[in-house]
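What follows is a single structure, written as structure tokens, with notes after it.
Next up, the structure:
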């Protein structure tokens, strides 16, 4: 079946650093989505990408839909303490979403 | 706006008990789905529905039943709970091809 590889699994960074994470797939997707999950909460959408090559920003977050339609990355610039959480990518080829395993972001004090 | 609501927030069951996790949305979304989330893993699809009266199996459907009698509600039934079903369960809804909105989750422990 379809699989998504999300990396890294976790990141320890200093406040103010930039963060980069990515997802790759063996399958082509029509949509890439990036979600963030805070402890005890459901995932919340950060950015949605609908076209190959699309580059979209949401504040300090930037995400791109890869040209091959098999990958996507998310960048966070100048990280702040409230950025901690788990970030998930998800790809859609029909009604169903295929999810990455998540990237846990931890900010070192 | 309530969005997607789930009840209960927490539940403890004994092995063999049955129960229903409730999910409701007030956004008139056609598409609803149930996921489970286990430590270190992404979200795995249990069952989904593309409209009232229509349901289908996802990646991990065994041990769970669903029904969709109305657009708003999509309950998930555990027929005979097992410790392997200890997890956090999320319900989500969306319009066709649209973004999924998630509920706050139900944390289930099966002893």
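Residue numbers (the working numbering), protein chains in the order written: chain Z, -15 to 93; chain R, 384 to 494. Quick reminder that beta carbons are idealized off the backbone N, C-alpha and C, glycines included.
If I measure Cβ to Cβ from residue 494 of chain R and keep anything under 8 Å in the same chain, skipping five residues before and after, which residues do I get?
395, 396, 397, 398, 466
Please identify the residue among R:462, R:390, R:418, R:419 whose C-alpha is closest to the C-alpha of residue 407 of chain R.
R:390
If we define contact as Cβ-Cβ less than 8 Å, is residue 75 of chain Z a contact residue for chain R?
no
Should residue 495 of chain R be labelled buried (16 or more other beta-carbon atoms within 10 Å of its own) or exposed?
Residue coverage of chain R in this structure runs from 384 to 494, which leaves residue 495 of chain R outside it and unanswerable.
Taking only the alpha-carbon atoms, compute the straight-line gap between residue 404 of chain R and residue 38 of chain Z and give it to the nearest angstrom.
38 Å
For the structure I just gave you, are there three or more beta carbon pairs, one from the region -13 to 0 of chain Z and one from the region 33 to 51 of chain Z, closer than 8 Å?
Touching, no, given that fewer than three Cβ pairs across the two stretches are closer than 8 Å.
Could you tell me whether the Cβ of residue 37 of chain Z comes closer than 8 Å to any Cβ of chain R?
no
Once DSSP output is grouped into helix, strand and coil, what is the label at residue 22 of chain Z?
coil
Identify which residue in Z:44, Z:19, Z:53 has its Cα closest to the Cα of residue 35 of chain Z.
Z:53
Return yes when the Cβ of residue 3 of chain Z is within less than 8 Å of the Cβ of residue 63 of chain Z, no when it is not.
yes
For the beta strand (DSSP E) containing residue 42 of chain Z, name the first residue and the last one.
39 to 42
Can you check whether the C-beta of residue 30 of chain Z is within less than 8 Å of a C-beta belonging to chain R?
no
Taking 8 Å as the CB-CB cut-off, is residue 428 of chain R touching chain Z?
yes
Quick one: which residues of the region 16 to 29 of chain Z get their C-beta closer than 9 Å to a C-beta of chain R? List them in chain order.
17, 19, 21, 24, 25, 26, 27, 28, 29
Grouping DSSP H, G and I as helix and E and B as strand, with all else coil, what is residue 440 of chain R?
strand
Give every residue of the same chain whose Cβ lies closer than 7 Å to the Cβ of residue 448 of chain R, excluding the five residues on either side of it in the sequence, and list them in chain order.
460, 462
Going by the CB atoms, is the gap between residue 77 of chain Z and residue 10 of chain Z shorter than 8 Å?
no
Look up residue 478 of chain R in the DSSP assignment and say whether it is helix, strand or coil.
coil
Whole angstroms is fine: what's the gap from residue 424 of chain R's alpha carbon to residue 86 of chain Z's?
7 Å
Which residue's Cα is closest to the Cα of residue 30 of chain Z: Z:17, Z:69, Z:6?
Z:17
Could you give the distance in angstroms between the alpha-carbon of residue 400 of chain R and the alpha-carbon of residue 435 of chain R?
28 Å
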